[in-house]
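Chains as they are written, first to last, in this note's numbering: chain A, 2 to 92; chain B, 2 to 92.
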DNA sequence: ATATCAATATCGATTTCCGATATTGATTGT
DNA sequence: ACAATCAATATCGGAAATCGATATTGATAT
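Structure (C-alpha cells):
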C-alpha cells in the first residue's frame, strides 16, 4: 500500500475515476506514474474488492469508471492513519 | 525518493543515526524494511553526498553514524514540500 | 588466540515498475 | 457498410527495487 493506492482510494471515494484521469491528477502533483504501472494496480484493487468497475460510453469511447467499495473505505481509513503517523514524524 | 529516504534525512538532521536504529525506528511506525534494503540505501545516499559517515566504537563494536549534509538538507526540504502537497490532498 | 555479539554487508531470488507498443470500440466521413 | 480516427485501456519484456537468509566485521573479554 503505497501513496498511489491511497490516492486512488481517496479520489474513488469522492467521485468515479478512470485511468488516464488519475494519471493526470498524479502528474499534476509531481508524480509521473507509468500507465503500465497504474492499470495493473486498478485491476488488482478491483479483484481485491477495493474498487467497483462500471463501463461507460463517453464520446464514443469506452471508459472504465471505478468507485470505492465499503471494504475500500475501511482500507483507506487505515492507510490514512498510517500515512499521517509517518508524516507528522517528518513535518 | 520514497518515504524511507525522507525519514532517513529527517532523522540524520536531528541527530547522527545508524542502520539498525533506523530499522527499529521505521518498524515502530509500521514500516518493516529489510536490512538488505536499508544498508544499500545508506551507502547510496552517502555516495550522492546527502549523508556524511563517521565510524565510532561503541561497546567494542564499530558503528557507522550518518549525519545529513548541506546538500542533504536541500533535498530534504524539497521532498518535504512535495510530500506535504500529496498529503494535504488525501487528509 | 578464540569466542562473542551487535552491527553491517552481501547476493540470488522475487516483486514491482517502466515505457514503448498494441488493442479496443463507438463514431465519423465517404 | 467500411475504413479511419482517437482516447483510453491493456500488454509484456526489460530494468530497477526489495527481500531475507546468510556471511562478514572488529573490538573486547576470557
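Backbone N, C-alpha and C define an ideal beta-carbon position, used for all residues, glycine too.
Being a predicted model, the structure only gives us computed values, none of them experimental.
Using a Cβ cut-off of 9 Å, pull out every chain A residue sitting near residue i, in sequence order please.
i                    : result
residue 44 (chain B) : Ordered by position in chain A, no residue passes the 9 Å Cβ test against residue 44 (chain B), which lies about 22 Å from the chain.
If you drop the 5 nearest sequence neighbours on each side, which residues of the same chain put their C-beta closer than 6 Å to that of residue i?
i                    : result
residue 56 (chain B) : 63, 65
residue 18 (chain B) : 12, 67
residue 46 (chain A) : 52
residue 69 (chain B) : 10, 13, 14
residue 89 (chain B) : none
residue 54 (chain A) : 47, 65, 67
When we look at the beta-carbon of residue i and count the other beta-carbons within 10 Å, is it buried (16 or more) or exposed?
i                    : result
residue 85 (chain A) : exposed
residue 12 (chain B) : buried
residue 73 (chain B) : buried
residue 82 (chain B) : exposed
residue 38 (chain B) : exposed
residue 71 (chain B) : exposed
residue 8 (chain A)  : buried
How would you list, in chain order, the residues of chain B whose beta-carbon sits under 8 Å from the beta-carbon of residue i?
i                    : result
residue 86 (chain A) : 30, 31
I want to verify the contact list: residues of chain A whose CB lies under 8 Å from the CB of residue i, in sequence order.
i                    : result
residue 81 (chain B) : 91, 92
Excluding the five sequence neighbours on either side, which residues of its own chain have a C-beta within less than 8 Å of the C-beta of residue i, listed in chain order?
i                    : result
residue 76 (chain B) : 2, 10, 51
residue 20 (chain A) : 36, 39, 40, 43, 65
residue 58 (chain A) : 64
residue 24 (chain A) : 34, 36, 39
residue 80 (chain A) : 2, 6, 7, 10
residue 4 (chain B)  : 32, 84
What does residue i touch in chain B if you count any residue whose Cβ is under 9 Å from its own?
i                   : result
residue 8 (chain A) : 87, 90, 91
When DSSP builds the beta bridges, which residues end up paired with residue i?
i                    : result
residue 53 (chain A) : A:68
residue 58 (chain A) : A:63
residue 18 (chain B) : B:67
Which same chain residues, not among the five before or five after residue i, have their C-beta less than 7 Å away from its C-beta?
i                    : result
residue 16 (chain B) : none
*Name the residues in the stretch 11-41 of chain A whose C-beta lies less than 7 Å from a C-beta of chain B; which are they?*
Using a CB distance below 7 Å, the part of the stretch 11-41 of chain A facing chain B consists of 11, 30, 31, ordered along the chain.
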